[in-house]
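Some notes on the structure that comes next.
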Amino acid sequence: MKRSFLYLLFLTTVFFSCENSDDKVFEESADVRLNAALASYEKQLVEAPYGWNAVVYPGGGGSYGFYFKFDNKNRVTMLSDFSDAAAAKSKESSYRLSALQTPVLVFDTYSYLHVLADPDEDVNNGVRGEGLKSDFEFSIFPDSVKTDVITLVGRKNQSRLVLTKASQAQATAYANGDMAKGLAFNNIAKYQPYFKRVTLGANTYEITVNQTTRSIKLTWLNGSTPKTFTTSYYFTPAGLAFVSPLVNGSQTITGFSNITWNATTTQVGLSGGGANGTIVSAIKPISVDLAAARRWWQSPIESGGDWRSATGFHVNGVDDAFKVADLKSGESIFAFYIYQPGASSRNDLFAPIFYDGKNIFLDYGHAPATPTFTADGRAIFTDAGRYGTLPTSGPAIESAKLLYDASGFYLIQTSDETYDMVSAKDAKSWITWQ
């Protein structure tokens, strides 16, 4: 009992000793220290004479370039590479620094930054109710605040905002609309063939761009061996910047500059890796994945699933060229197009699927035979029958005519769960399966 009392007395002494030590370390209250930190961060933001280059990495993936200029009246002007208009015309909104468990930079009126977080999928092609999973409230942590670089973390979606102090030349370039000029690269979407290539110095690269996810893939041949590189990208006044650089032997590509668009020839010109080049069209992959077609067909059979497309075929530069989204079955609306390998022991299923408000269902469709897989990597489809009563004309008939083209299709795996099926005839028609 005596020993316990002495032990308690020892703990009490240690407690008061620590408490007294803390008082000596922190001579000011927590509120005073936090307010001082907020004032210091605001001073750093405002006193950057030429503003800040910025990159936002949304929680949903991708990367977006911005320019911010903060003033001492809680106003910020910004540019964004999200669209041509946002890159050319600055927008002013308000901001504030607040104490919300940690110091927080809040953009508190709707701005270009909010476009990424907008829950309306029509605004940013994001997820309904979530947008691109970006943020407009960012926590500031002392260890991530440097003299010329500040890294912030979104409070809701943990998106990152990286601010880098801009130079006078960069500020002038933003004001001159140079970031908007770089967005001419987006005209690559106007090329009708699926495959695009550019030669930079001694190397020829196939370029595959996903403007929705802000990713770019470059494929090239090292001798006869295909190599691939994928990274996110964003735009700056200098052009298109890679988040990670491509290193190919002695050539390093950190992005593309001097970007031009020739509407007459429908070609994008650019510089990269110390060389100039022009993006040109091709009708087949630079390296054909000979196993991709069979892998695409076999995968749903092994998993018990199917392939689906929300928009059907893209043809000659037109999304949903056959207007499958307009299909109806009575009062039921179109849900998606399906390809189901091994739908029966004799055939596959290629058909529109409808939604009646409660359930999805098959009304009619085509029954392709098991595809022929050619030695050069194509899948060729032939007609083996029907499901239900087909219409005599319209989107379903036109879709099947294209599917049964004798040239067949190359299958391009774009992720673990997605493929693009590209016409081997001229590469001007394709459908995305997921």
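In my numbering, the protein residues as written are 2 to 435. No residue lacks a Cβ here, since even glycine has one placed at the ideal position from N, Cα and C. Being a predicted model, the structure only gives us computed values, none of them experimental.
The stretch 220–238 and the stretch 263–271 do not touch, with fewer than 3 CB-CB distances between them shorter than 8 Å. Taken through DSSP and simplified to helix, strand or coil, residue 398 comes out as helix. Assigned with DSSP and collapsed to three states, residue 173 falls in helix. By the neighbour-count criterion, in which a residue is buried when 16 or more other Cβ atoms sit within 10 angstroms of its Cβ, residue 207 is buried. With a minimum length of 3 residues, the unbroken runs of beta strand (DSSP E) contained wholly in the stretch 159–210 fall at 161–166, 196–201.
Residue 40 and residue 105 have their C-alpha atoms spaced approximately 12 Å apart. A direct Cα-to-Cα measurement between residue 304 and residue 203 gives close to 43 Å. Where residue 300 is concerned, the enclosing alpha helix (DSSP H) starts and stops at 293–304.
Its chain contains 89 as the residues whose beta carbon lies nearer than 6 Å to that of residue 178, once the 5 sequence neighbours on both sides are disregarded; these appear in chain order.
Judged by DSSP in its simplified three-state form, residue 309 adopts strand.
Assignment of alpha helix (DSSP H) within the stretch 304–380, counting only whole runs of 4 or more residues, yields no such run. If you draw a straight line from the Cα of residue 79 to the Cα of residue 175, it is about 10 Å long. For the options 427, 426, 410, the alpha carbon positioned closest to that of residue 420 is the one of 410. The stretch 109–137 contains no complete beta strand (DSSP E) run of 3 or more residues.
Burial is judged here by how many other beta carbons sit within 10 angstroms of a residue's own beta carbon; residue 72 has fewer than 16 and is exposed. The beta strand (DSSP E) runs lying completely inside the stretch 76–103 and spanning 3 residues or more are 76–81, 92–101, given in chain order. When DSSP reads this structure, residue 225 sits in no beta bridge, so it has no partner. For residue 416, the enclosing beta strand (DSSP E) stretches over residues 410–416. Within the DSSP bridge table, the entry for residue 387 names 367 as partners. Under the three-state reduction of DSSP, residue 44 is assigned to helix. Remark: C-beta atoms of residue 426 and residue 408 approach each other more closely than 8 Å. Judged by beta-carbon spacing, residue 423 lies within the 8 Å limit of residue 195, meaning their Cβ atoms are closer than that value. Contact annotation: residue 363 and residue 388 have beta-carbon atoms nearer than 8 Å. Secondary structure in the stretch 230–256: the beta strand (DSSP E) runs of 3 residues or longer, each lying completely within the stretch, are 240–249 in chain order.
Of all alpha-carbon atoms in 281, 68, 100, the one lying nearest the alpha-carbon of residue 169 is that of 68.
Between the stretch 276–294 and the stretch 374–385, the count of Cβ pairs shorter than 8 Å is three or higher; the stretches touch. In this chain, residue 52 is not harboured by any beta strand (DSSP E), its DSSP state being neither H nor E. In this structure residue 160 is in contact with residue 134, their Cβ atoms being roughly 7 Å apart against a cut-off of 8 Å. Under the criterion of beta carbons closer than 8 Å, residue 243 and residue 254 qualify as touching, at roughly 7 Å.
About 6 Å separates the CB atoms of residue 314 and residue 323; that is less than 8 Å, so the two are in contact. As the crow flies, the alpha-carbon of residue 153 is around 19 Å from that of residue 111.
Residue 116 places its beta carbon less than 8 Å from that of residue 124. The secondary-structure analysis by DSSP pairs residue 435 with nothing; it has no beta-bridge partner.
The DSSP-derived three-state label of residue 37 is helix.
Bounds of the beta strand (DSSP E) holding residue 283 are 281–283.
Judged by beta-carbon spacing, residue 333 lies within the 8 Å limit of residue 355, meaning their Cβ atoms are closer than that value.
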